[in-house]
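Colleague: Before I ask anything, here is the structure I am working with.
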Amino acid sequence: MNVELRHLRALAAIGDHRSITAAALALHVTQPALSRTLDQLERRIGVRLVERTTRHVALTEPGRRLWEHSHRILTSLDTALAEATRPQPIRLTFAWAALGRFTIPFLREWRAAHPDVLVRIRRADDPEAALRRGDADIAVLRTSPAQAGVDHVALIEEPRVAAVADDHPLATRDALVLADLVGECVAVCETAATTSADLWPSGARPRTVDVPGVVEWLTSIATGTTVGVTAAGTSHHHPHPGVTYLPLTDADPIVVHLAWPAAAPHPSTSAFIALAQRHLAATTEVGA
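So, in structure tokens, the structure goes:
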């Protein structure tokens, strides 16, 4: 099976842009040339990768999988070539809150210990998918990886907090329990998998409403339309002038993981994970 890098670059661009025309522009080739490259790739592997009509371009399921692998392969190659001349930054991604209150102290410690290896931080709606595509080296996850191919280690258990509007009657409390929220409408973010109605006992669950992201989640809560439940790290990364965060004393904690691709991890991954474990262990022991 003679598959070349140009084939993978073609599929990666088509999957990114969902358009032959836009992908051709991004690759600086003509549209017919790109179409021929895609046809050649499909013939060589014997699988339909892209469904395309005059109005629609979409990856098939095999195409989506190979698109993710293509990104990872191309990124690994670029990284390997770059590492021949200089150390490459670690690309750290997270959905909402990174490591909460530990984030800045830990990254400062990493910078002091490894000044030649920068950490570039980027938020992503789906950090695990970013790892699989090769767009990130390490991800902070608050759920275990859903598929094989990603290694991970649990760092800490993080308490949950409730979020209510500053003028909500519950905002005057020192702490809340889940039952306090049963009569409320709970905002559930589509990009966070740690909160759902399943937190509450069957038969005593609040109404929920989906919101697309953290900005909408905060706005909905600040206006008094909804309340929220989230990891404690959210209160450190997303303070809001209209939102009060309160301890939620009877909700199970959330396990915070660091995850990385099992195949071809960044050369500094082991050192990064080890320092994170030491830093959090020392910090939580001092704070205990």
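Residue 467 in this note's numbering sits at position 240 of the sequence shown, and the numbers go up by one each step. Backbone N, C-alpha and C define an ideal beta-carbon position, used for all residues, glycine too.
#1: What does DSSP give as the partner residues of G455 in its beta bridges?
#2: Can you list, in chain order, the residues of its chain whose CB lies under 6 Å from that of I383, leaving out five sequence neighbours each side?
#3: Would you say V388 and A309 are within 8 Å of each other, going by their C-beta atoms?
#4: So is G451 buried or exposed if we call it buried at 16+ other beta carbons inside 10 Å?
#5: How about L368 and A253: are their beta carbons less than 8 Å apart?
#6: Would you mind reading off the limits of the beta strand (DSSP E) that contains L286?
#7: Can you find the residues in the same chain that come closer than 8 Å, C-beta to C-beta, to E336, ignoring five residues on each side of it along the sequence?
#8: Starting from the Cα of P289, find the closest Cα among L276, G410, S462 and give me that residue.
#9: Near R349, what residues of its chain come up, given a Cβ to Cβ distance below 6 Å and the 5 sequence neighbours on each side ignored?
#10: Quick check on DSSP: helix, strand or coil for V513?
#11: Straight-line CA distance for D343 to D477?
#12: Between which two residues does the alpha helix (DSSP H) harbouring V256 extend?
#13: Measure the Cβ-Cβ separation of G376 and A250 and say whether it is below 8 Å.
#14: Spell out the partners DSSP gives E269 in its beta bridges.
#15: CA-CA distance, D425 and C412?
#16: Tell me whether T302 is buried or exposed, calling it buried when 16 or more other Cβ atoms sit within 10 Å of its Cβ.
#17: If we require 3 or more residues per run, which beta strand (DSSP E) segments fall completely within the segment 293–329?
#18: Would L358 pass as a contact of S297 if the rule is Cβ separation under 8 Å?
#19: Residues bridged to E385 by DSSP?
#20: Nearest to V380 by CA position, among L345, R245, F499, A239, is which residue?
#21: Quick one: what's got a C-beta closer than 6 Å to L232's C-beta in the same chain, skipping five residues either side?
#22: Using only the alpha-carbon positions, how far apart do V470 and D401 sit?
#23: With DSSP as the reference, identify every bridge partner of P354, one or two as the case may be.
#24: Secondary structure at R434, three-state DSSP: helix, strand or coil?
#25: Is the beta carbon of A324 sitting closer than 8 Å to the one on T461?
#26: Which first and last residues belong to the alpha helix (DSSP H) in which G414 is found?
#27: Grouping DSSP H, G and I as helix and E and B as strand, with all else coil, what is W427?
#28: If we cut at 8 Å on Cβ distances, does R434 have a partner in chain D?
#29: How should E385 be labelled, buried or exposed, when 16 other C-beta atoms within 10 angstroms of its C-beta is the threshold for buried?
Modeller: Quick answer:
#1: Residue 455 sits at position 228 when you count from the first residue of the sequence shown. According to DSSP, G455 bridges with A390.
#2: Here residue 383 refers to the residue found at position 156 of the sequence shown. For I383, where only same-chain residues beyond five positions count, the Cβ hits under 6 Å are V483, L507.
#3: Stepping through the sequence shown from its first residue, residue 388 is reached at position 161. Stepping through the sequence shown from its first residue, residue 309 is reached at position 82. No, the Cβ-Cβ distance between V388 and A309 is not below 8 Å.
#4: Counting from one through the sequence shown, the residue named residue 451 turns up at place 224. Exposed is the call here.
#5: Residue mapping note: residue 368 aligns to position 141 of the sequence shown, counting from 1. Residue mapping note: residue 253 aligns to position 26 of the sequence shown, counting from 1. Taking 8 Å as the Cβ cut-off, L368 and A253 do not qualify as a contacting pair.
#6: Position 59 of the sequence shown, counted from the start, is the residue given in the question as residue 286. Start and end: 284–286.
#7: On the sequence shown, residue 336 is found 109 positions in, with the first residue counted as 1. Taken in chain order, the residues that qualify are L502, H506.
#8: In the sequence shown, residue 289 corresponds to position 62, counting from 1. Considering only alpha carbons, the answer is L276.
#9: One-based indexing of the sequence shown puts residue 349 at position 122. Within the same chain, R349 has close Cβ partners T320.
#10: The count along the sequence shown starts at 1 and reaches residue 513 at position 286. Reliability of the predicted coordinates at V513 is poor, the pLDDT of 47 falling under 50, and the value obtained from them is presented with this limitation in mind. Correct three-state label for V513: helix.
#11: Walking along the sequence shown from the start, residue 343 turns up at place 116. Walking along the sequence shown from the start, residue 477 turns up at place 250. C-alpha separation (whole angstroms): 44 Å.
#12: Numbered from 1 along the sequence shown, position 29 holds the residue referred to as residue 256. Looking at the DSSP string, V256 is not in any alpha helix (DSSP H), and its letter there is neither H nor E.
#13: Indexing the sequence shown from 1 puts residue 376 at position 149. Indexing the sequence shown from 1 puts residue 250 at position 23. No, Cβ-Cβ distance for G376 and A250 is not below 8 Å.
#14: For the purposes of this step, residue 269 is identified with residue 42 of the sequence shown, where counting begins at 1. Bridge partners of E269: none, in fact.
#15: Here the question's residue 425 lines up with position 198 in the sequence shown. Here the question's residue 412 lines up with position 185 in the sequence shown. Straight-line Cα distance between these residues: approximately 14 Å.
#16: Counted from its first residue, the sequence shown places residue 302 at position 75. When all chains shown are included, T302 counts as buried.
#17: 317–321
#18: Counting from 1 along the sequence shown, the entry for residue 358 is found at position 131. Counting from 1 along the sequence shown, the entry for residue 297 is found at position 70. No. Outside cutoff.
#19: For the purposes of this step, residue 385 is identified with residue 158 of the sequence shown, where counting begins at 1. BP columns for E385 point to I481.
#20: On the sequence shown, position 153 is the one that residue 380 refers to. Residue F499 is the option with its Cα nearest to V380.
#21: Walking along the sequence shown from the start, residue 232 turns up at place 5. Here the set comprises nothing.
#22: Counted from its first residue, the sequence shown places residue 470 at position 243. Counted from its first residue, the sequence shown places residue 401 at position 174. The alpha-carbon atoms of V470 and D401 are separated by roughly 15 Å.
#23: In the sequence shown, the residue the question calls residue 354 occupies position 127. Answer by DSSP bridge pairing: none, since P354 is not bridged.
#24: For the purposes of this step, residue 434 is taken as residue 207 along the sequence shown, with counting starting at 1. Strand, per DSSP.
#25: What you label residue 324 is simply residue 97 of the sequence shown in a count that begins at 1. What you label residue 461 is simply residue 234 of the sequence shown in a count that begins at 1. Cβ atoms of A324 and T461: closer than 8 Å.
#26: The residue you call residue 414 lines up with position 187 of the sequence shown. According to the sequence shown, residue 414 is Ala rather than Gly. Segment 412–416 is the beta strand (DSSP E) holding A414; no alpha helix (DSSP H) there.
#27: As a working mapping, residue 427 is identified with position 200 in the sequence shown. Correct three-state label for W427: coil.
#28: Included in the structure is just one protein chain, with no chain D present.
#29: Here the question's residue 385 lines up with position 158 in the sequence shown. With 16 or more Cβ atoms within 10 Å of its Cβ, E385 is classed as buried.
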